[in-house]
Amino acid sequence: YVDAVSWAYESGITLGTSASTFSPTDGCTRAQVVTFLWRASGSPEPDGTVANPFTDVSENDYYYEAVLWAYENGITKGTSDTTFSPTQTCTRAQVISFLYRLADSPEGSDGDENPFSDVGENAYYLDAVIWAVANGVTSGTSETTFSPDSTCTRAQIVTFLYRAANK
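Numbering (the working numbering), first residue to last: 241 to 407.
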């Protein structure tokens with residue numbers, strides 16, 4: 241993940257957890273993930289057509305514009321109609337779903353298959369995982385597992401972003 245971390249730092253996606261550390265094994269919160277995606281997309285201003293629906297996201301939060309942008313663009317709906325849960329740690333399934341939606345939820349190609357025994361055919365993230373594998377964004381945590389409910393680490397999210405941006 242060294243190339244991905246360097247890319248993320250040089251691209252202004254993340255500065256790390258201190259001046260000299262990245263904390264690659266730390267979990268990534270929903271606020272951090274959405275902010276990474278927003279910065280990777282050029283930090284676009286929210287278009288302002290939708291009012292902030294989240295009672296747990298205020299104008300003073302560093303992730304405020306990122307969350308509104310992600311909500312307006314269908315990248316996330318929040319954890320309920322009125323909460324975003326910014327401090328909740330993201331799972332690998334959530335992060336891949338955010339990336340898939342950021343890519344406009346592209347249709348798969350014939351022959352794209354689900355290689356993972358832990359990704360069910362009715363899982364909300366199935367299409368996202370198949371897209372991510374087909375596009376080299378992830379190869380899973382093993383040949384047969386994706387580990388959708390595992391915490392997505394900081395190293396994993398920047399690696400997913402790096403691969404998605406450089407495919």
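Heads up, the beta-carbon is just placed ideally off N, CA and C, and yes, glycines get one too.
Bear in mind that the values here come from a model prediction, so they are computed numbers and not experimental data.
Euclidean distance between Cα positions of residue i and residue j
i	j	result
Glu353	Glu299	42 Å
Ser387	Thr381	6 Å
Pro346	Trp371	8 Å
Pro293	Ala404	29 Å
Leu339	Lys407	13 Å
Pro264	Gly288	34 Å
Ile315	Gly282	15 Å
Tyr241	Thr399	6 Å
Gly318	Asn362	21 Å
Val373	Thr295	35 Å
Thr275	Gly267	14 Å
Ala333	Ser246	24 Å
Val297	Thr261	27 Å
Residue burial classification, residue i (beta-carbon count within 10 angstroms, cutoff 16)
i	result
Pro284	exposed
Tyr364	exposed
Thr384	exposed
Val303	Looking at the sequence shown, residue 303 is not Val but Tyr. Buried: at least 16 other Cβ atoms inside 10 Å.
Leu255	exposed
Ala248	buried
Ala259	exposed
Thr393	buried
Proximity of residue i and residue j at Cβ, strictly below 7 Å
i	j	result
Leu401	Ala280	yes
Thr391	Thr329	yes
Glu366	Val377	It should be pointed out that residue 366 corresponds to Leu in this sequence rather than to Glu. Not in contact: Leu366 and Val377 (Cβ atoms no closer than 7 Å).
Ile336	Ala310	no
Pro286	Glu250	no
Extent of the continuous alpha helix (DSSP H) to which residue i belongs
i	result
Glu361	Segment: none, Glu361 is in no alpha helix (DSSP H) and carries neither H nor E.
Ser246	Val242 to Glu250
Asp367	Leu366 to Ala374
Ser387	That residue, Ser387, is in no alpha helix (DSSP H); it is neither H nor E in DSSP.
Leu228	Because the chain in this structure spans residues 241 to 407, residue 228 falls outside the shown range and cannot be described.
Taking three-plus beta-carbon pairs below 8 Å as touching, is the stretch 264–277 in contact with the stretch 303–312? Yes: at least three Cβ pairs fall under 8 Å.
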